[in-house]
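Written out below as structure tokens is the structure these notes cover.
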Amino acid sequence: MVPGHKEMERAEAMIEELVRFRRTLHAHPELSFQERQTAEFVATTLRDLGVTDIKTCGGHGVVATIRSGAGPTIAIRADMDALPIQETGTHVYRSKNDGVMHACGHDAHTAMLLGVAKLLVEDQRNGSLQGTVKLIFQPAEEATDESGFSGASYMILDGVLDDVEAAVALHVCPWQPVGVIQVNDGESMANVDVFEGVIAGSGGHGGYPHMGSDPIWLLSSVLPVLYSIVNRRISPLETAVASIGEIHAGSASNVIPDEVRVVGTFRSYSAEARGSLTMELEKAFQVAEVLGGTYEFHVEHGEPALRNEPRVNRIIERAAVEVAPEIEIARGPFGLGGEDFAYMAERVPAAMFFLGSAMADGISRELHTPIFDIDERCLPIGTALLTKIAHEMLKSI
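According to our numbering, the residues represented by the sequence shown are 1 to 397, in order.
Written as structure tokens, this is what we have:
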């Protein structure tokens, strides 16, 4: 990085600390709504870094507030939970918890926000911080509970955004190299919805299929309709997809079951596409009725599409240029994954940007895979950027 840019210089100076934070978290992952030890590590580290205003919020969430003088209040959010994935990497910091892994980079997000805390405490002490910054360490981004709430929902209910005027977050990005950030105005990640359809027939003997109604045969007529929805019933100008992830039926080779259960997801950017997909998917299951069966259809609507506020994105871009002019800014939506930071972006002007983290060996280590990993050189870049963004937001919001 180019010398002379103070945020980058300060962040580079603490790279060993950032790596230690990240590897400690990576080795001890915890699932959504179970992040007790992670929250304790975050709170203890914040105290060691000199943060004095630390509160718990939203279950295992931690909020660190750093303030100095009058001014607006802005927030920076990092998520802390891991995924139910068995890690296959062989590095020394691999997960010590069987079947649980930081496969989405939340360990890196948390480590970088701890780095931001250290730099902002220094700024608070030397008088260069003007305003209030809330550092939000959020649990349960990857899952919802029986009430359909994720960590962001609970933190919002607990009032974490009540006095916040704008918010920002980052996400590590395995498809961009270190030194690149990706930004996008407007809808950038998807509405996330889950559907379940149950097709019922009468079942029967596998040797006498004509004497009953076979729900698996009924499903064979539903599937072509379902898979053609995005191509033929949704405008090609919309961003949308529907996928089946589970089909459950039967228990013996010679018994036709009396029902088949289908579970899948559909993703979209706009409210119009979300509504159309909901309606058209149910229509697909109605084909079973025409052929003599019955059906039930249910939808669970998850987090909304992440909408990035252009005004906040411009702040991110200016900060990137000032922190390290050689940083490349890529533009484009982040895909059809879900992100519960979208709930926060519904409440206050907010944006998330993606931080290039691909390792240089050419191996694809995609999000939510057993081999996911990052090039840790991205850690000081993200830390410096978030610190600079905080200062710029306090001046501009």
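Cβ coordinates follow ideal geometry from the N, Cα and C atoms, glycine included.
Contact between the segment 206-215 and the segment 271-283 is absent, with fewer than three C-beta pairs closer than 8 Å. R347 has its alpha-carbon roughly 9 Å from the corresponding atom of E165. If you compare the alpha carbons of D162, A70 and G115 with that of M344, the shortest gap goes to D162. The criterion of a C-beta distance shorter than 7 Å is satisfied by E328 and V180. Rounded to whole angstroms, E339 and D79 show a C-alpha spacing of 10 Å. Note that the C-beta distance between G245 and V263 is below 7 Å.
With a minimum length of 4 residues, the unbroken runs of alpha helix (DSSP H) contained wholly in the segment 226-309 fall at 271-290. With respect to H60, R22 sits apart: the two C-beta atoms are not nearer than 7 Å.
Our two residues, P174 and R331, have alpha carbons roughly 15 Å apart in a direct line.
Setting aside the 5 residues that flank it on each side, K283 has no residue in the same chain whose C-beta is closer than 6 Å to its C-beta.
Judged by DSSP secondary structure, R125 falls within the alpha helix (DSSP H) whose first and last residues are H106 to N126.
Distances from the CA of I247 to each of G127, I234, V168 and E196 were compared; the closest alpha carbon is that of E196.
I363 sits exposed, since fewer than 16 C-beta atoms from the chains shown fall within 10 Å of its C-beta. When DSSP states are grouped into helix, strand and coil, Q138 belongs to the strand group.
Here S153 is buried. Its C-beta has 16 or more other C-beta atoms within 10 Å. Between H301 and E9, the alpha-carbon positions lie close to 44 Å from each other. Per DSSP, R10 is one residue of the alpha helix (DSSP H) stretching across K6 to A13.
Pairing E7 with L83 gives a Cβ-Cβ distance that is not under 7 Å.
M393: member of the alpha helix (DSSP H) spanning C378 to S396, first to last residue.
For A360 and S95, the gap between their C-alpha atoms comes out near 22 Å. Its chain contains L49, G50, V51 and I66 as the residues whose beta carbon lies nearer than 7 Å to that of V121, once the 5 sequence neighbours on both sides are disregarded; these appear in chain order. By the CB criterion at 7 Å, T387 and L119 fall inside the cutoff. At the C-beta level, M189 and G382 stay beyond 7 Å of one another. For E35, there is no enclosing beta strand (DSSP E), as DSSP gives it neither H nor E. Taken through DSSP and simplified to helix, strand or coil, F341 comes out as helix. Between the alpha carbons of G293 and L226 lies a gap of roughly 17 Å.
Around the beta carbon of V63, a 10 Å sphere encloses 16 or more other beta carbons of the protein chains shown; the residue is thus reported as buried.
Around the beta-carbon of D98, fewer than 16 other beta-carbon atoms lie within 10 Å, marking it exposed. DSSP places M189 in the strand class (E or B) of the three-state scheme. With distances taken between CA atoms, I15 lies nearest to L379 out of Q176, L379 and R232. Bounds of the beta strand (DSSP E) holding L355 are A350 to A358. Residue burial annotation: L306 is buried, with at least 16 other C-beta atoms found within 10 angstroms of its C-beta. Counted as a single uninterrupted DSSP element, the alpha helix (DSSP H) harbouring G151 occupies residues G151 to L157.
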